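Numbering (my numbering), first residue to last: 6 to 316. C-beta: ideal position from N, C-alpha, C; glycine also. In this text the structure is predicted, and so the values were computed from the model without any measurement. Please read the structure below before turning to the comments.
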């Protein structure tokens, strides 16, 4: 029997989705539609609050507004197609569409990662070297950090997609996932993927672990500095400025590490779907709540925004 090479044809893939049970499709559609709308509205409110309140025109909130924008883009790459598939019988995505989705998914996810690292550096300088804060975290440096985050992330995505485009996909074209992620697509390839896996793992370690180590290093320095503060109130005040950021870091990196830092042989469809939903849908939705509920400045900014809209 002749095998069909999907990498060189116009044929596409079938996204299996979260569940193949027909009775669950409409309830899942409703749940994820609500989550997506909350994600978009919540992050847009964060961006508008920061833009409209001059007190929030600081490096921390500059990075937070960009993180909110990236979260909207990140969710939009995945969720709308997922919603369409919940109500569709075919659930087909074209080969090119799959690569495009994979590209932007990785680009926005990695940019999120680097922005979280930039926010950790901001906290490090603010707590450990406050006298030089305005010099180190000046607008030019912040803009360079943002541009660097985007550039590295998009180059990483381009490299991955070019690597994936060289693979052949034969008999099976059913992706056991709700979007075109690297691991489930690699599972379908009839090419020898051992070298691709090695390159992907090595390069991913370099790109993803770098900001993660930066965050770890920053918080170790912060902890050492805060422990030297004599008063309990002073320690609490310093730590409270990091609480929201740490919560987001744990949610984001916890699920990312679980999904990606294992060999392909240990890939589990059900467990990985749940973990992937956490950082692709749940974390972008929770970020606005985490930053607004635990942050007095953001609460003030949102109140000002509300007063402007409803005077």
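Contact set for residue i: own chain, Cβ-Cβ below 8 angstroms, skip 5 residues either direction
i	result
residue 156	none
residue 48	73, 74, 76, 77, 289, 292 and 293
residue 12	Because the pLDDT at residue 12 is just 43, under 50, the model does not fix this residue reliably, and the value given afterwards should be weighed accordingly. 100, 170, 171, 172, 173 and 174.
residue 278	23, 182 and 183
residue 10	Caution is warranted here: a pLDDT of 46 is assigned to residue 10, below 50, making its placement in the model unreliable, and no coordinate value can be reported.
residue 216	118, 119, 121 and 122
Between the CA atoms of residue j and residue i - distance to the nearest angstrom
i	j	result
residue 188	residue 38	26 angstroms
residue 23	residue 218	32 angstroms
residue 145	residue 154	14 angstroms
residue 161	residue 108	9 angstroms
residue 280	residue 260	5 angstroms
residue 50	residue 132	28 angstroms
residue 40	residue 214	29 angstroms
residue 192	residue 88	24 angstroms
residue 233	residue 33	50 angstroms
residue 226	residue 86	42 angstroms
residue 163	residue 104	10 angstroms
residue 134	residue 242	16 angstroms
residue 308	residue 231	31 angstroms
residue 168	residue 304	45 angstroms
Residue burial classification, residue i (beta-carbon count within 10 angstroms, cutoff 16)
i	result
residue 62	exposed
residue 181	buried
residue 65	buried
residue 35	exposed
residue 106	buried
residue 203	exposed
residue 171	exposed
residue 300	buried
residue 229	exposed
residue 190	buried
residue 82	buried
residue 27	exposed
residue 236	exposed
Start and end residues, beta strand (DSSP E) containing residue i
i	result
residue 98	97-99
residue 20	17-20
Chain-order list of residues whose beta-carbon lies under 6 angstroms from that of residue i (same chain, five-residue window excluded)
i	result
residue 306	54, 58 and 61
residue 45	77
residue 5	Shown here, the chain extends from 6 to 316; a query on residue 5 therefore has no answer.
residue 310	53, 54 and 57
residue 257	284 and 288
residue 238	none
residue 159	112
Residue j beta carbon less than 8 angstroms from that of residue i
i	j	result
residue 336	residue 98	The requested residue 336 is not part of the displayed model; the chain covers only 6 to 316.
residue 96	residue 20	yes
residue 52	residue 70	yes
residue 17	residue 138	no
residue 317	residue 315	Lying outside 6 to 316, the shown extent of the chain, residue 317 is not represented and no answer is given.
residue 149	residue 68	no
residue 220	residue 122	yes
residue 367	residue 30	Missing from the structure shown is residue 367; the chain here goes from 6 to 316 and no further.
residue 128	residue 252	no
residue 111	residue 165	yes
residue 255	residue 84	no
residue 224	residue 125	yes
Residues near residue i by beta carbon distance below 7 angstroms, same chain, minus five either side
i	result
residue 313	57
residue 302	60 and 61
residue 212	115, 157 and 161
residue 222	none
residue 151	71
Residue-chain proximity (residue i, chain B), Cβ-Cβ < 8 angstroms
i	result
residue 17	The structure shown contains no chain B; it is built from a single protein chain.
Run of the alpha helix (DSSP H) containing residue i, from where it starts to where it stops
i	result
residue 41	27-57
residue 165	144-170
residue 88	64-91
residue 193	187-193
residue 24	Neither: residue 24 is in no alpha helix (DSSP H) and is coded neither H nor E.
residue 307	301-314
residue 184	Taken as a continuous stretch (DSSP letters only), residue 184 belongs to no alpha helix (DSSP H), as it is neither H nor E.
residue 240	237-245
residue 140	138-141
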